[in-house]
Structure formats: C-alpha cells, structure tokens
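Read in order, the letters of the sequence shown are residues 57 to 316 in the numbering used here.
Contents: one structure, followed by commentary.
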Amino acid sequence: PEDVKIDELLISEEDIDFVAIKTGDINGTATANSRGTTTRSANQLLIETSMTKAAGISYLEFYAQEMEDMIGLQFTLDFGQDVDIRSIVGISLDLKDHHINKQRIKEGLIMLSWNDIKSVNIADGPLFKISVNGDIDKSLVQLTSEVTPALAYDGTGTEYQLSIRHINDESVTEDFILHQNQPNPFNEETSIMVTLPEDMTMDLTFYDISGRKISSRNVDLTKGTNVIPVKQSDLNVSGVVYYQLSNQMYSETKKMIILE
C-alpha cells in the first residue's frame, strides 16, 4: 500500500508492514527515525558533560542545558580510548537496550538513537549517565556522526545539530537535589534520581496520601547523580504516593503517581 491510516496513535506501533520513503531526497538528509522535523536548519544544541569518580569508577553525565523538552536524540559517541563500560542509564530519558548499540565498543564507539511519542521534560537533570571502570580522559570523548548522525529534536520537531563541551568537575552542583521520578505516572517501574555533594547513606521512605508509611529502606549513594529504581510490585499500591529521601543532613519529599 502507498499509505497506512492509524487512528489515535498513542503508543509505538512496531508490527505495521510499511516502509516510508522520502522522495526527491537529493542531499542525503532522509533519516529512518524522522518524526516530521520542521526544517534542515543549522540549529545547534550544546551537549555538556561532567565527570565524577568514586571507588575506581568514572561517572560521565550528559546534559542539554539549552533545551527544555525533547522527542528525539541520536549520535555516535566516540570515547577516543579503550573503555570498560559498566552501564548506560537513562535519567531524564527513558533509555532501553534497543536504543543503544555497542557492537563497535572495541573501537571506542557507542551508537545511541532514542525517541518518544510525547516530548520529555529534560530541564531538571542529566539526559543519561555512563559509568566506566577505571579512569578515562573525558577530553577525548566526542559526539560524532560517524555511524549515527548527531541530531536532536525538540518538542516541536525542530532539528538540532549536536556539539559537545566538557565542563570542569568543579562546576558540578554541590547541592542535594531530589529530582522528580521518571516516568511519572507509571504502572510497573520508575526511577528516582538524586544528586549529592558526597557519598552517603540515606533513607528512602514511601507514604500514602494519608501519611501512612508504605515501606522504607536504606540506599547507599555516591557523589554526583544517582538513579534508584522503584517497582510497583515492591509498593503494592496505586494512586498518589509520596517518596522521601532523608538522613541527618538532608530531607526532601516529592509525589509520584502509580497507575493500576
């Protein structure tokens, strides 16, 4: 067929036997992940990185300070050195395994291609975090288009070309920040992000809307940004739930919504 009609598209459709082809593409700008971008503009988006180290592990965080919401991000990440990747964790972005290609990691390359149906608020923290065993020279890390074009798309579908800047570790916030869980609302699993000025142990406590304690546990956290996974099955409730992260130095509470 030449066209396919999809009514009220709210979730990704993966089983449709249809390939879209951009006709008249003479300048090589067709993108398989395209979602109707507004222009082949020269808009630029600066991706900033910061790095912290703890217990022999380097943590590299990626920020997009000049954009508030995002529907797509793709690039080739070139470490420029041998690296032993421990994990790649989405923070503002809900990264899944299929968004990341590590087939060329022996060459120091990682390809990432992420998009969502709805725009995601990215103004409150890092996009994602990479942890690496040992030390790395972050000045060698570059965003390139060697395999996957380095592009981002904001909530309006406007296309941005990416560049990277490595900020000094001293400019990383020294405050305690408890971020909003992502995704929210959720029905299976969500992640709570917290930024700390130093390593510490904190109490993570959940309350229902009446103030009744649902559960509590200790979490060991490191300096910088941490991601705490939370499963609905562990709480066994639905509706509005308050989560509090506290110790003798800090305490903050936020609200999450659990769907049935």
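Even glycine gets a Cβ: it sits at the ideal position worked out from N, Cα and C.
The structure displayed is predicted, hence computed values, not measured ones.
Let me make sure I understand the geometry here. Which of the options has the alpha-carbon closest to that of residue i?
i      : options                        : result
Leu315 : Ala206, Asn240, Arg142         : Asn240
Glu245 : Asn237, Ile270, Leu252         : Asn237
Met305 : Val296, Met256, Ser195, Ala206 : Met256
Leu301 : Lys310, Gly295, Val293         : Lys310
Ala110 : Leu252, Phe135, Ser294         : Leu252
Asn99  : Gly112, Ser143, Ala206         : Ala206
Gly211 : Ser289, Asp231, Ile113, Lys174 : Lys174
Pro182 : Glu254, Gly267, Ser307, Leu116 : Leu116
Gly112 : Gly190, Asp231, Tyr263         : Gly190
Val293 : His155, Arg160, Tyr263         : Tyr263
Phe232 : Leu218, Asn243, Met258         : Met258
Ser289 : Asn157, Asn243, Gly295, Ser114 : Asn243
Ser201 : Leu218, Ser195, Ile186, Lys194 : Leu218
Compute the distance between the beta-carbons of residue i and residue j, then report whether it is under 8 Å.
i      : j      : result
Asn171 : Asp125 : no
Leu151 : Phe184 : yes
Val188 : Val145 : no
Ile220 : Leu234 : no
Phe118 : Thr105 : yes
Ser272 : Leu291 : no
Ile147 : Thr281 : yes
Ile284 : Val275 : yes
Ile103 : Ala120 : yes
Ile248 : Val286 : yes
Glu122 : Leu101 : yes
Tyr343 : Ile127 : In the structure as shown, the chain begins at 57 and stops at 316. Residue 343 is therefore absent and cannot be evaluated.
Gln137 : Gly164 : yes
Ile270 : Val250 : no
Thr204 : Met167 : yes
Phe135 : Ile192 : yes
His155 : Ser169 : yes
Along the chain, where does the beta strand (DSSP E) containing residue i start, and where does it finish?
i      : result
Leu101 : 100-110
His235 : Neither: His235 is in no beta strand (DSSP E) and is coded neither H nor E.
Ser272 : 269-277
Thr261 : 256-264
Gln137 : Run containing Gln137: none; DSSP gives neither H nor E here.
Ser148 : Looking at the DSSP string, Ser148 is not in any beta strand (DSSP E), and its letter there is neither H nor E.
Leu199 : 198-200
Which residues mark the beginning and the end of the alpha helix (DSSP H) in which residue i is found?
i      : result
Ser289 : 288-291
I'd like to confirm the pairing. Which residues does DSSP put opposite residue i in its beta bridges?
i      : result
Glu316 : None, per the DSSP bridge assignment.
Pro285 : Ser247
Glu308 : Leu301
Ser187 : Tyr115, Ser143
Gln130 : Ser169, Leu207
Val296 : Ile313
Gly280 : Leu252
Glu215 : Tyr209
Ile156 : Leu168
Asn177 : Asp125
Ile220 : Ile103
The ligand FMN and residue i: does the residue's C-beta get closer than 7 Å to at least one heavy atom of that ligand?
i      : result
Asp191 : Of ligands this structure carries none, so the ligand FMN is not represented either.
Measuring only between beta-carbons, confirm whether residue i sits less than 8 Å from chain C.
i      : result
Leu207 : Among the chains of the structure shown, chain C does not appear; only one protein chain is present.
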